[in-house]
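Worksheet: the structure to be examined is printed underneath.
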Amino acid sequence: MFEEVYKVRFYETDALKHVSNTVIVQWFEAAREPIFKLFTPDLNLDTWPLILANYKVDLLKQIFLGEVTIKTWISRIGNSSFGIYQEVWQNGHKCSSGETTMVHFNYQNSCSEAIPENVRALLEEHIIAGE
Numbered sequence: 071m072f073e074e075v076y077k078v079r080f081y082e083t084d085a086l087k088h089v090s091n092t093v094i095v096q097w098f099e100a101a102r103e104p105i106f107k108l109f110t111p112d113l114n115l116d117t118w119p120l121i122l123a124n125y126k127v128d129l130l131k132q133i134f135l136g137e138v139t140i141k142t143w144i145s146r147i148g149n150s151s152f153g154i155y156q157e158v159w160q161n162g163h164k165c166s167s168g169e170t171t172m173v174h175f176n177y178q179n180s181c182s183e184a185i186p187e188n189v190r191a192l193l194e195e196h197i198i199a200g201e
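Under my numbering, the residues of the sequence shown are numbered 71 to 201, in order.
Following this line, the structure appears as structure tokens:
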């Protein structure tokens, strides 16, 4: 599991005094950076090998000013795609969860490619328990 702590910024809140739902998607993407580095350690966009296939976010509890913790696991690994499961925690409560599907992708040929075995082994180290 990867874990990131973020301080909720004032502008991420809305008129109802809680975090806007669009912010959670941004936190999830930022917290996926350690996974991105498994494929491209220097995050070089000229050699970027991933494309987003889909994502789903469940909003479970309101999130307010303070700190949040984003927990990130690998939920499944296929031939060329893999799932990422994430949660937002605040004050001991799970406030949101989400699932993202990423595809190992060749932009020059515009097609998916098998995940390299060395990267697959690194992904497997972060499989969520029970999956």
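Even for Gly, the Cβ is constructed at its ideal location relative to N, Cα and C. Small disclaimer: the values here were computed from a predicted structure and weren't measured.
H174 counts as buried, since at least 16 other C-beta atoms from the protein chains shown sit within 10 angstroms of its C-beta. In this structure, the straight-line span from the alpha carbon of V189 to that of F109 is close to 6 Å.
With fewer than 16 other CB atoms across the displayed protein chains lying within 10 angstroms of its CB, W118 is exposed.
Taking all protein chains in view, the Cβ of S166 is crowded by 16 or more other Cβ atoms within 10 Å, so the residue is classified as buried. Take the alpha-carbon of T139 and the one of K77: they are about 9 Å apart. Excluding its 5 nearest sequence neighbours in each direction, M71 has C-beta neighbours in its own chain below 8 Å: K141, T142, W143, H196 and I198, listed in chain order. Classified as exposed, R79 has fewer than 16 neighbouring CB atoms from the shown chains inside 10 Å of its CB.
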